[in-house]
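This report refers to the structure that appears directly beneath it.
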Amino acid sequence: MRKLFQLTPLLELLEYESLKIIGPYRFIHADATTCSFVYADYHITVNADSVTINALKEEMLHLSVDNLQELHMKKTKNTGVS
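By the count of this note's numbering, the sequence shown reaches residue 86 at its end, each step adding exactly one.
Structural data, given as structure tokens:
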């Protein structure tokens, strides 16, 4: 059963084909093969053969990827989204 209110950051990777984040984030960049954003004090970059943004809402980002090449997460120095 899903929570009614999400109180902590949630990053969900399903079968290396779908990435969903719930909570405040800062969108940085997207193109046909890359998406980049800051979430919960991490800078996250997704590289794949194809990256599609399914949803881009105030506190939710949902991506579909074809042939995931790299998911890179780097801790930021207190410059993330609270």
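Cβ atoms here follow ideal geometry from the backbone N, Cα and C, with glycine treated the same way.
For Lys78, the three-state DSSP class (helix, strand or coil): The residue given as residue 78 occupies position 74 in the sequence shown. Strand at Lys78.
Ranges of the beta strand (DSSP E) found wholly within the segment 25 to 67, counting only runs of at least 3: 29 to 34, 38 to 43, 46 to 61
Residues near Glu63 in its chain [Cβ-Cβ closer than 7 Å; skip 5 each side]: For the purposes of this step, residue 63 is identified with residue 59 of the sequence shown, where counting begins at 1. Contacts found: Ile26, Gly27, Pro28.
Selection from Lys79, His66, Met77, Thr80 that minimises the alpha carbon distance to Glu21: In the sequence shown, residue 21 corresponds to position 17, counting from 1. When each option's Cα is compared against that of Glu21, the closest is His66.
Beta-carbon proximity of Val42 to Leu23, cut-off 8 Å: As a working note, residue 42 is residue 38 in the sequence shown. As a working note, residue 23 is residue 19 in the sequence shown. No.
Leu72 versus Cys39 - alpha carbon distance: The residue given as residue 72 occupies position 68 in the sequence shown. The residue given as residue 39 occupies position 35 in the sequence shown. Going by the C-alpha atoms only, they are around 12 Å apart.
Straight-line Cα distance separating Asp53 from Val69: The residue given as residue 69 occupies position 65 in the sequence shown. The residue given as residue 53 occupies position 49 in the sequence shown. Roughly 7 Å separates the two Cα atoms.
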